[in-house]
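Engineer: Here you go, one structure.
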Amino acid sequence: MLLCIAAVCAIAPDAPAQDGVRGSVRTEVETGHTMLGRIVTDRPRWVVDSTIGWHTEDFGRAMFSVWTASELSPRYDDERRRYFNEIDPKIGYGYEYTFADGWSLDTLVEFQYSAMHYADTPNTFYQWIGTETLRTPWLDAYGFAWVVTHPYRAPAYRIGFRKEYAIAGPLSVEPHLYFDLGPERWNHRRFGEAAGDAHYRAGFNAVNFHLLFKWALTEDLSLYAGVRQFDALTHEVRRQTRARPRRDETDFTYFVAGLDWRF
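At position 80 of the sequence shown (counting the first as 1) the number is 80 in my numbering, and the numbers step up by one without a gap.
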């Protein structure tokens, strides 16, 4: 966050709009958190996501970002550090190719280093993240590949659809639907040994729906709040989720409120 503020102060007033430093800071509180087909916490969590990068009109963009998470309740103290239990810095390069008015194809490749402060979990993870987004005037469709290279090799995938629509004045709404999925090896590693005679299959393991309402305070600063729904898919994933030592829910509704600053 300090890095982003420093970058803003360093930008010359007459910097060209096409090429230059851009960034964002998003801070939010959720009443729960899900990731890649699993409920990570069903208690309040504070998340901060900061990004800064150099954007060019001809050669794309290079970026550096940091994502952090902190628990706001003691429920998981026996499993992980409460504050900043995950710190994920990453670097990336992206290029958006516009081929018609309102239509573009955005390619983003990132390398992420994750510092984890969880019990019985490796302290560090290395992963490559690739995202391909088709932007249209009505809907954005994207595919997401997340490949862990250390401490093990396993890919996970996501397919999603989202778009922000103006309602009235500064108010807008963003519906977001996405599916988490992976090969048999990923589902087995993510959800553990299957109970009974069940076995994991490649394919979808969760569906998620988010509905955010945004209020623009200025052109660059907005507040948002909304509801998020998570549902585990397939019999094997749902049965194994319920069999975990700390019984997890297979369906989960949670809420979020936050602030988004872009510059």
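Note that beta-carbon positions come from the ideal geometry of N, C-alpha and C, so glycine has one too.
Source: prediction; values computed, not measured.
From the DSSP output, in three-state form, read off residue 164 for me.
Structural biologist: Here residue 164 sits in coil by DSSP.
Engineer: Is the CB-CB distance between residue 232 and residue 206 below 7 Å?
Structural biologist: Going by C-beta atoms, residue 232 is nearer than 7 Å to residue 206.
Engineer: Assuming contact is defined by CB atoms lying nearer than 7 Å, are residue 133 and residue 126 in contact in what I supplied?
Structural biologist: Not a contact, by the Cβ cut-off of 7 Å.
Engineer: Does the contact criterion of 3 or more C-beta pairs under 8 Å hold for the segment 152 to 160 versus the segment 176 to 188?
Structural biologist: Enough Cβ pairs lie closer than 8 Å, so yes.
Engineer: Are the segment 109 to 125 and the segment 75 to 87 touching, with three or more C-beta to C-beta distances below 8 Å?
Structural biologist: Because the criterion of three Cβ pairs below 8 Å is met, the segment 109 to 125 and the segment 75 to 87 touch.
Engineer: Please state whether DSSP places residue 9 in a helix, a strand or coil.
Structural biologist: Because the pLDDT of residue 9 is 46, which lies under 50, any placement of that residue in the model is unreliable, and the question is left without a value.
Engineer: Which first and last residues belong to the alpha helix (DSSP H) in which residue 240 is found?
Structural biologist: 235 to 242 is the extent of the alpha helix (DSSP H) around residue 240.
Engineer: Name the DSSP bridge partner or partners of residue 266?
Structural biologist: Within the shown structure, residues of the chain are numbered from 1 to 263, placing residue 266 beyond reach of any answer.
Engineer: Note the first and the last residue of the continuous alpha helix (DSSP H) segment covering residue 186.
Structural biologist: Its alpha helix (DSSP H) spans residues 184 to 191.
Engineer: Helix or strand or just coil, what does DSSP make of residue 262?
Structural biologist: In this structure, residue 262 counts as strand in the three-state DSSP scheme.
Engineer: If we call anything under 7 Å between Cβ atoms a contact, is residue 72 one with residue 89?
Structural biologist: For residue 72 and residue 89, no; Cβs fall outside 7 Å.
Engineer: Going by Cα to Cα distance, which pick from 138, 188, 170, 169 is closest to residue 152?
Structural biologist: Residue 152 has its Cα closest to that of 188, out of 138, 188, 170, 169.
Engineer: Helix, strand or coil, according to DSSP, for residue 2 in the structure here?
Structural biologist: With a pLDDT of only 46 at residue 2, under 50, the local geometry of the prediction cannot be trusted, and no value is derived from it.
Engineer: Decide if residue 261 is buried, meaning its Cβ has at least 16 other Cβ atoms within 10 Å, or exposed.
Structural biologist: The residue is buried, with at least 16 neighbouring Cβ atoms inside 10 Å.
Engineer: Over what stretch of residues does the beta strand (DSSP E) that includes residue 30 continue unbroken?
Structural biologist: Residues 20 to 30.
Engineer: Less than 7 Å between the beta carbons of residue 241 and residue 253, yes or no?
Structural biologist: In this structure, residue 253 does not lie closer than 7 Å to residue 241 by Cβ.
Engineer: Are there three or more Cβ pairs, one per stretch, closer than 8 Å when the segment 210 to 220 is compared with the segment 59 to 75?
Structural biologist: No, they do not touch.
Engineer: Which of helix, strand or coil does DSSP assign to residue 14?
Structural biologist: Because residue 14 carries a pLDDT of 43, less than 50, the predicted location of this residue cannot be relied on, and no value is offered for it.
Engineer: According to DSSP, is residue 228 part of a helix, a strand, or is it coil?
Structural biologist: Reduced to three states, the DSSP call for residue 228 is strand.
Engineer: Please state the DSSP three-state secondary structure of residue 142.
Structural biologist: Strand at residue 142.
Engineer: At what residues does the beta strand (DSSP E) containing residue 41 begin and finish?
Structural biologist: Looking at the DSSP string, the run of the beta strand (DSSP E) that includes residue 41 is 38 to 41.
Engineer: Just mark residue 255 as buried or exposed, buried being the case when its beta carbon has 16 or more other beta carbons within 10 Å.
Structural biologist: It counts as exposed.
Engineer: Based on DSSP bridge pairs, tell me the residues matched to residue 86.
Structural biologist: The partner list for residue 86 (beta bridge, DSSP) reads 69, 116.
Engineer: Give a yes or no on whether the C-beta atoms belonging to residue 104 and residue 135 are separated by under 7 Å.
Structural biologist: Yes, the pair counts as a contact, with Cβ atoms nearer than the cut-off.
Engineer: Using alpha carbons as the reference points, say which of 193, 124, 31 lies closest to residue 239.
Structural biologist: Among 193, 124, 31, the Cα nearest to that of residue 239 belongs to 193.
Engineer: Is the CB-CB distance between residue 130 and residue 94 below 7 Å?
Structural biologist: No, the pair does not count as a contact, with Cβ atoms beyond the cut-off.
Engineer: Going by CA-CA distance only, name the one from 140, 202, 166 that's closest to residue 177.
Structural biologist: For residue 177, the nearest C-alpha among the options comes from 140.
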